[in-house]
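Here our numbering is used: the sequence shown runs in plain steps of one and ends on residue 698.
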Amino acid sequence: MEKKTWRILLIVFLLLVVSFGSAQNVPLETAVRNLKEKIKASDGTVKLKLLDSLCWLTRDKQELMYDSIVKVTISYAIDLDSFDIANRQAARLIWSYTNRLGQPEKGRSFFESFDALKLPVENNALLARFYLNGGDSYYFSEAIEEAIAIYNLASDYALEQGDSILYGTSKKYIADAYIRMGKLAEGSKMLQEVEAIYRQTKDTIRLVNTKSSRADLYSMNSFFEEAKVERDEVIALAKTINYESGIISALLNSAIDNSVNDNVEKTLEDLKLALEYARNSNEVRDRYEPQILIKLLQEYSKADSLDRAEKVFKEIQANPERYTTGYFEEAYHKSLGHYYYAKKVYDKSLEYTQKHLDFQINNNTVEEIKSTHMLLYDIYLATEKYKLALYHLKEATTINESMMGLKRSNALSYYQTLYETEKRDAKISKKEAEIELLNHKNRAKRRWIIFGGIALIAVFAIIYLFRGKRFAQERQELQETFSQKLIVEQENERSRLAMELHDSVGQKLMLLKKRTKEANNEVIETLAERSLDELRSISRGLHPAVLDRFGFSKAIAAMVDEVDSSSDILFTLDIENVDEHISKGTAIHLYRIVQECLNNVVKHSKARAVAIDIEKEDRYIHTKITDNGLGFAVSEAIRNSKSLGMNTLLKRAKIIKSKIHIGSIMNKGTTINIITPAYDIS
17 MEKKTWRILL IVFLLLVVSF GSAQNVPLET AVRNLKEKIK ASDGTVKLKL LDSLCWLTRD
77 KQELMYDSIV KVTISYAIDL DSFDIANRQA ARLIWSYTNR LGQPEKGRSF FESFDALKLP
137 VENNALLARF YLNGGDSYYF SEAIEEAIAI YNLASDYALE QGDSILYGTS KKYIADAYIR
197 MGKLAEGSKM LQEVEAIYRQ TKDTIRLVNT KSSRADLYSM NSFFEEAKVE RDEVIALAKT
257 INYESGIISA LLNSAIDNSV NDNVEKTLED LKLALEYARN SNEVRDRYEP QILIKLLQEY
317 SKADSLDRAE KVFKEIQANP ERYTTGYFEE AYHKSLGHYY YAKKVYDKSL EYTQKHLDFQ
377 INNNTVEEIK STHMLLYDIY LATEKYKLAL YHLKEATTIN ESMMGLKRSN ALSYYQTLYE
437 TEKRDAKISK KEAEIELLNH KNRAKRRWII FGGIALIAVF AIIYLFRGKR FAQERQELQE
497 TFSQKLIVEQ ENERSRLAME LHDSVGQKLM LLKKRTKEAN NEVIETLAER SLDELRSISR
557 GLHPAVLDRF GFSKAIAAMV DEVDSSSDIL FTLDIENVDE HISKGTAIHL YRIVQECLNN
617 VVKHSKARAV AIDIEKEDRY IHTKITDNGL GFAVSEAIRN SKSLGMNTLL KRAKIIKSKI
677 HIGSIMNKGT TINIITPAYD IS
């Protein structure tokens, strides 16, 4: 370092000692005022260094005009050609707007105006941090694609600098953005690469943050057990280095998962532990305490713990500027919706819940939109506005169905398996390199080593091909198992939701119909009856109740009757009672297969007649569906189908160990044979 630089640093150090050492017990406002007096009496490089110090002293404090001080410092730095200082303070101000003050739009606006200056900053590490923070301002303004482009600039500068930490951070941010956009495969693969970087550099803090993102990825796909494993490891790692932010963040996300799964006790346990950590840390308390209290208000209200909810509400209201503005405002609206609903103050509950819904719709946060529709459903049901209640229930149900797709989860499974395959290939390459190294070191035995090396390479090639084939099979099996598990879970979720609709909402609507009939109010009676019919239709679509009540054979007959009544096709039935030979789990999947086949016939075949035959033959149940429609190219449909219908049909067949044969002749019709193992009642 040059002598001139050392002298400047010494002057700044002495000034800081004078400024702060003599004012250790002086209020912050007084320390700021004293430093401003010194700045007025200075000029040149010394003045710039003092301005730089003032920025750090007032950072994030709007009441001390932090942003104005930074802008003055940047302007003065540019006048002195101190572009590195200007860039560093600009990056810090963008970060403050976005991550501390909850004003990402301001951060984005300032980033754009400063970036337009195109200052000749030579320090690539500073540029990387500047673009990382700039990308954040876009990310939290919901401009995700633009954020990715800016994060990529940050990664380019980090790579030029040779800074693996900054490079890993930028890639991690890009992964988070991909996940936010629903590109889970790209996000998952990039997170794996980032983890490898942080393990190599032994950067535990960033490794914790990256693993937290992986846990969030699992949660988004309802893989809550896998998310818990990751978060437990995150908390253990964070505790080894006393990383409070990592611990609190993991506990908060764990609480959200447990809340989704209606585990009230564990949700509150996580939140109270997170609050304890936050209050014991001066560094992160301001960042986390407001959102934990807001979440506690919501969860206590949902659990009908009104005394505790009231206590939290009063604590928040004692300092509303700190807890309910900026970044925390929308979460507070949601919690107020739950709080006033629990207190049965429905007008206020509706007001805040609707505000929250409007915000979430504008920002397209699907999970939040679904849960807010459910709260609105509860509010309207409690206020006897049944038509509006049913509307919000339908909206929530539609969103829930759309979130249960297979495509994103299959992609995640594929990339996880691919990563394992890449690790295997790397190990084999390492072994081959060791063989080559051994060959060079033993020149005296060159001939034997050549023959030995060839033999070993052949062995490794055979092993490689054998293991490659085995891993490919395992990967395919893993994907199929994943798909089957998702179908089963989807069916279970449909059954649960149908049961809740029937037992809760259905009973209330039946009671309403009875009461209105007694009151001789024909208008409300008609509305209640129509609402009940619509609810039953939704419930039947989610899970066929006739299957549980009357068994498989009668459920198929009822389904065919329903399809027959709504189409011009002639249906003929020959159904043997096979109920005692089919388990409950097999019955629902075979029912869905037949349902999908009949839907395809009605939508696409243009058939005039359809025959359905079900009979038991030896140890199997034979289901046959024949139509005289247009027919189709079976192999091409299976290979090129863009819908999930055909694929789901085949996957359901695998779940119940059935064989499906589809024969179709163009312009003559289609025959589908399903052979299902009979249930062994012995």
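We put the CB at the ideal spot given by N, CA and C, even for glycine.
By a C-beta neighbour count over all protein chains shown, 10 Å radius and 16 as the cutoff for buried, is residue i buried or exposed?
{"i": "D59", "result": "exposed"}
{"i": "R635", "result": "exposed"}
{"i": "L191", "result": "Note on identity: in this sequence residue 191 is Ala, with Leu being the wrong assignment. Buried: at least 16 other Cβ atoms inside 10 Å."}
{"i": "M206", "result": "buried"}
{"i": "T588", "result": "exposed"}
{"i": "Q333", "result": "exposed"}
{"i": "K187", "result": "buried"}
{"i": "H354", "result": "buried"}
{"i": "R145", "result": "buried"}
{"i": "D273", "result": "buried"}
{"i": "E305", "result": "buried"}
{"i": "M236", "result": "buried"}
{"i": "W111", "result": "buried"}
{"i": "P136", "result": "exposed"}
{"i": "I164", "result": "buried"}
{"i": "E315", "result": "buried"}
{"i": "Q216", "result": "exposed"}
{"i": "S674", "result": "buried"}
{"i": "N616", "result": "buried"}
{"i": "P560", "result": "buried"}
{"i": "D97", "result": "exposed"}
{"i": "V14", "result": "Residue 14 lies beyond the residue range present for the chain, which begins at 17 and ends at 698; the question has no answer from this structure."}
{"i": "I630", "result": "buried"}
{"i": "L428", "result": "Residue placement at L428 cannot be trusted, given a pLDDT of 48 that sits under 50; the coordinates are not used to answer."}
Going by DSSP, what residue range makes up the beta strand (DSSP E) through residue i?
{"i": "S680", "result": "K675 to I681"}
Where DSSP assigns a beta bridge to residue i, which residues make up the other side?
{"i": "T627", "result": "Here the sequence assigns Ala to residue 627, which means Thr is not the residue at that position. T588 and T642, per the DSSP bridge assignment."}
{"i": "I690", "result": "T639 and I676"}
{"i": "K199", "result": "DSSP lists no partner for K199."}
{"i": "E633", "result": "Y636"}
{"i": "G685", "result": "I681"}
Should residue i and residue j be called a contact, given that it needs their Cβ atoms to be closer than 8 Å?
{"i": "S147", "j": "L175", "result": "It should be pointed out that residue 147 corresponds to Tyr in this sequence rather than to Ser. No, these two residues do not count as a Cβ contact at 8 Å."}
{"i": "A266", "j": "V250", "result": "yes"}
{"i": "A325", "j": "L309", "result": "no"}
{"i": "I257", "j": "A294", "result": "no"}
{"i": "V300", "j": "S261", "result": "yes"}
{"i": "D253", "j": "L223", "result": "Residue identity check: residue 253 is Leu in the sequence provided, not Asp. Cβ distance < 8 Å, so L253 and L223 count as in contact."}
{"i": "I628", "j": "A694", "result": "no"}
{"i": "L70", "j": "V48", "result": "yes"}
{"i": "E592", "j": "K640", "result": "no"}
{"i": "F648", "j": "T687", "result": "no"}
{"i": "S581", "j": "V618", "result": "no"}
{"i": "D131", "j": "G150", "result": "yes"}
{"i": "E241", "j": "T226", "result": "no"}
{"i": "T388", "j": "I554", "result": "no"}
Please list the terminal residues of the continuous alpha helix (DSSP H) segment that includes residue i.
{"i": "I94", "result": "Y82 to D95"}
{"i": "K570", "result": "F568 to S581"}
{"i": "S621", "result": "No alpha helix (DSSP H) holds S621; DSSP gives it neither H nor E."}
{"i": "H354", "result": "E345 to A358"}
{"i": "D63", "result": "The sequence given here has Lys at residue 63, not Asp. Taken as a continuous stretch (DSSP letters only), the alpha helix (DSSP H) holding K63 covers G60 to L73."}
{"i": "V280", "result": "V280 to R295"}
{"i": "Y147", "result": "N140 to Y155"}
{"i": "I598", "result": "Run containing I598: none; DSSP gives neither H nor E here."}
{"i": "K318", "result": "R301 to K318"}
{"i": "E128", "result": "P120 to D131"}
{"i": "E161", "result": "I160 to Q177"}
{"i": "Y339", "result": "P336 to Y339"}
{"i": "A107", "result": "F99 to W111"}
{"i": "L135", "result": "First-last for L135: undefined, no H or E at that position."}
{"i": "V48", "result": "L44 to K56"}
{"i": "D323", "result": "L322 to Q333"}
Is there at least one non-hydrogen atom of the ligand GTP closer than 7 Å to the beta-carbon of residue i?
{"i": "D59", "result": "As for the ligand GTP, it is missing from this structure, which has no ligand bound."}
Verify the CB distance criterion: does residue i have a CB-CB separation below 8 Å to chain D?
{"i": "E538", "result": "Considering every chain present, this structure includes no chain D. It has just one protein chain."}
Exercise. Identify every run of the beta strand (DSSP E) within the region 216-269, keeping only runs that are complete inside it and at least 3 residues long; order them along the chain.
Key: none
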